[in-house]
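In the order they appear, the protein sequences are chains E and F.
If you're matching positions, the first sequence starts at 1 in my numbering and goes up one per residue.
If you're matching positions, the second sequence starts at 1001 in my numbering and goes up one per residue.
Protein chains: 2
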Amino acid sequence: MNVTLLAGGVGGARLAHGLDLALGAAPANASTQTSSPAQALTVIVNVGDDTELHGLAISPDIDTVLYTLAELNDEDRGWGLRGESYATLSALKDLGEDTWFTLGDRDLATHIVRTARLRRGDPLSAVTAHLAASMGVRPRVLPATDDHLATLVDTPSGRLGFQEYFVGRQHADAVLGLHFEGADAARPAPGVLDALAAELVVLAPSNPFLSIEPLLAVPGVRQALTDAPGRRVAVSPIVGGQAIKGPAAQILESLGHEVSALGVARIYAGLVDVMVIDERDANLAGAVADLGLTVHVTDTIMGGPPGRERLARELLALA
Amino acid sequence: MNVTLLAGGVGGARLAHGLDLALGAAPANASTQTSSPAQALTVIVNVGDDTELHGLAISPDIDTVLYTLAELNDEDRGWGLRGESYATLSALKDLGEDTWFTLGDRDLATHIVRTARLRRGDPLSAVTAHLAASMGVRPRVLPATDDHLATLVDTPSGRLGFQEYFVGRQHADAVLGLHFEGADAARPAPGVLDALAAELVVLAPSNPFLSIEPLLAVPGVRQALTDAPGRRVAVSPIVGGQAIKGPAAQILESLGHEVSALGVARIYAGLVDVMVIDERDANLAGAVADLGLTVHVTDTIMGGPPGRERLARELLALA
């Protein structure tokens, strides 16, 4: 089965890992599986968080997806690599550089390679494919676009760059609106639109505004998802009225949405066929169904690899 | 007293350190010293060894000078920083990068800062001044030029880039000739020609062909040294027929020069007034004097800071 996942950072990376485990592990009827399970999963990743620091091109969501798929990620922290050291960052600080954004020594190697290849003219999709291959990642990982697309956050303190809002000010500001700089002129990266024709398209339990919206803002992507021939499934990132991670709950509220799986379902209505909500939100199933969506109620908290694979298998069964 | 040193890597860096100690330390008659001893020493540094690795701009000689003046250098090894770690290099190797050139984690911070500032359009001289200030370096450190100048080495195996010859193949190839790519179009960095009007100009005990020649190859520099109004002194890098460090002896031989302090003196005749040779080469003093040079015989092996300062004080006395 061909599966495409639309993903932001941690939640998307964990579900990508689960899908890779579910698709890549030899099933009971191994003879009938596709000849190349590696090709079965495509992960389309948000680039609105991308930034440049110390002259290096940083793609936080792509790296979280790559590191998690390569099983090199720091599970406890949620981002970055396991067993990191910070000698270069310490030296950058000693040289007077602004080091509010934490960059580990091993993580820096990724940014150095990405930057060198972008500067010589390789598109981000080719650089990402190279990094994925270098790390032994099986699924195809695609940036939403090779073009410039930057999420800007309107707050009471003015318009902020994404990382300034998210890391620098620790997403403490109320979000009054979002602006995806460059989106109008961006083109989907090669393979993105084709991937949306997969038998199963999953919207990860990522932040609807900060992770999924910038993907849909690339001209052609929202329409391709609307017209997608396969089964389209979204997993709610809101469980029991709270975000599993990050500022999704605050942003839903400040933008006038209900802070619940139902609020998320209203945003995704028309874009997906099935809404997956947590068993703690079973009471919302009827209201979600009233939106014309099929509802699947389950334990959506993935945790480690076994939980990811379990949720992934349930999603595969929905197609 | 204003002093200018022409320097390559380790030997130049050690003498720069000695001169900084000798000029910077408050002398007995403190009231008569220049108001800003920091301005008294200018070090003009070879950039022919500069290269780009992993998309980062590397200036080995400038960094050796900066690290030594900041007393951050690895004295045992001769290059790089003390107490280095190599996590980023290890990760670069894991990503399939070619890692024959050793880059420490803290050293990488220097290259990252340099590269970011060069890419935004700062000239190398401004970037070097920023790095020097960040490290607390007192002397003015100037690249010979802000323009592209790359030392290429002709060998029986063909023309090699400098770092391929020096690090990659560990200077094992016979040197048949040198080519300073870009030299004809290069301009001296701001301050270089003025600095050659100092009361004392010293050619460091650096490699005459790999360190000093590429400085003199920048149009205007050789002439300014020839016409320099101050005392011009060269320190022989050859002691007892051997180089203190590196391939100077082999290169003198393969290019048809005598491998001795006299051979070096013949190369520098006309460019300097005084030749400083080691006491082990005292028997050559007459032949050096016959070239029209004043000869100063002393212990030229600097070793640690006390030896550097001692040699530097002798040089200051020559002016």
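For each residue, glycine too, the CB sits at the ideal point set by N, CA and C.
From a predicted model like this one, the values you see are computed outputs, not experimental measurements.
In the DSSP annotation of this structure, E1071(F) is not part of any beta strand (DSSP E), being labelled neither H nor E. According to DSSP, residue pairing for I244(E) in a beta bridge does not occur.
Among the residues of the stretch 127 to 151 of chain E, those with a Cβ less than 9 Å away from any Cβ of chain F are H130, L131, A133, S134 and M135, in the order of the chain. Burial check for T1226(F): the Cβ neighbour count within 10 Å stays below 16, so the residue is exposed. According to the DSSP assignment, R1231(F) belongs to the beta strand (DSSP E) that extends over R1231 to V1235. Between D50(E) and D61(E), the C-beta spacing is below 9 Å. DSSP places P205(E) in the coil class of the three-state scheme, outside both helix and strand. In this structure the stretch 68 to 87 of chain E does not lie against the stretch 168 to 179 of chain E, because fewer than three pairs of beta carbons, one per stretch, are closer than 8 Å. Excluding five sequence positions before and after D1020(F), the CB atoms of its chain that fall closer than 7 Å to its own CB belong to L1041, L1069, R1138 and P1139, given in chain order.
In the displayed model, R138(E) falls within coil according to three-state DSSP, outside both helix and strand. Burial check for A282(E): the Cβ neighbour count within 10 Å stays below 16, so the residue is exposed. Put simply, the CB of R266(E) is far from chain F, with every gap to its CB atoms at 9 Å or more. Beta-bridge partners assigned by DSSP to A1007(F): V1045(F).
Contacts between S85(E) and chain F, judged by CB atoms closer than 8 Å, involve S1085, A1087 and D1105 in chain order. If you draw a straight line from the Cα of V1065(F) to the Cα of E97(E), it comes to about 21 Å. Per the DSSP secondary-structure output, P1188(F) pairs in a beta bridge with T1145(F). Listed along chain F, the residues sitting closer than 9 Å to R119(E) by beta-carbon distance are G1055 and R1119.
Here the stretch 1186 to 1198 of chain F makes no contact with the stretch 300 to 315 of chain E; the two share fewer than three CB pairs at distances below 8 Å.
Taking a Cβ-Cβ cut-off of 9 Å, L284(E) has no neighbours in chain F, whose nearest Cβ is about 45 Å from it. In the same chain as A224(E), and ignoring 5 residues on each side of it, the C-beta atoms closer than 7 Å to its own belong to L193 and L196, in chain order. Within chain E, no residue has its CB atom less than 8 Å from the CB of E1071(F), the nearest being about 13 Å off. In the DSSP assignment, I1277(F) falls within the unbroken beta strand (DSSP E) covering V1274 to D1278.
Beyond the five residues adjoining it in sequence on each side, G104(E) comes within less than 7 Å, by CB distance, of G80, L81, E84, S85 and Y86 in the same chain, given in chain order. Taken through DSSP and simplified to helix, strand or coil, E1052(F) comes out as strand. In this structure, V272(E) and A234(E) form a Cβ contact; the two beta carbons are roughly 4 Å apart against a cut-off of 8 Å. Distance check between L1149(F) and each of S1211(F), G1121(F), R1266(F) and P1247(F) places S1211(F) closest, using alpha-carbon atoms only. A straight-line Cα-Cα distance of about 19 Å links A1057(F) and L1215(F). Measuring C-alpha to C-alpha distances from A1228(F) to each of L1203(F), L1178(F), H1111(F) and P1306(F) identifies L1203(F) as the nearest. The beta carbon of G1158(F) sits closer than 7 Å to none of the beta carbons in its chain outside the five residues before and after it. Among the CB atoms of chain E, none fall inside 9 Å of the CB of G1048(F). Within 8 Å of the CB of T1051(F), no CB atom of chain E is found; the nearest one sits about 13 Å away.
For L1095(F), at least one C-beta of chain E is nearer than 9 Å to its own C-beta.
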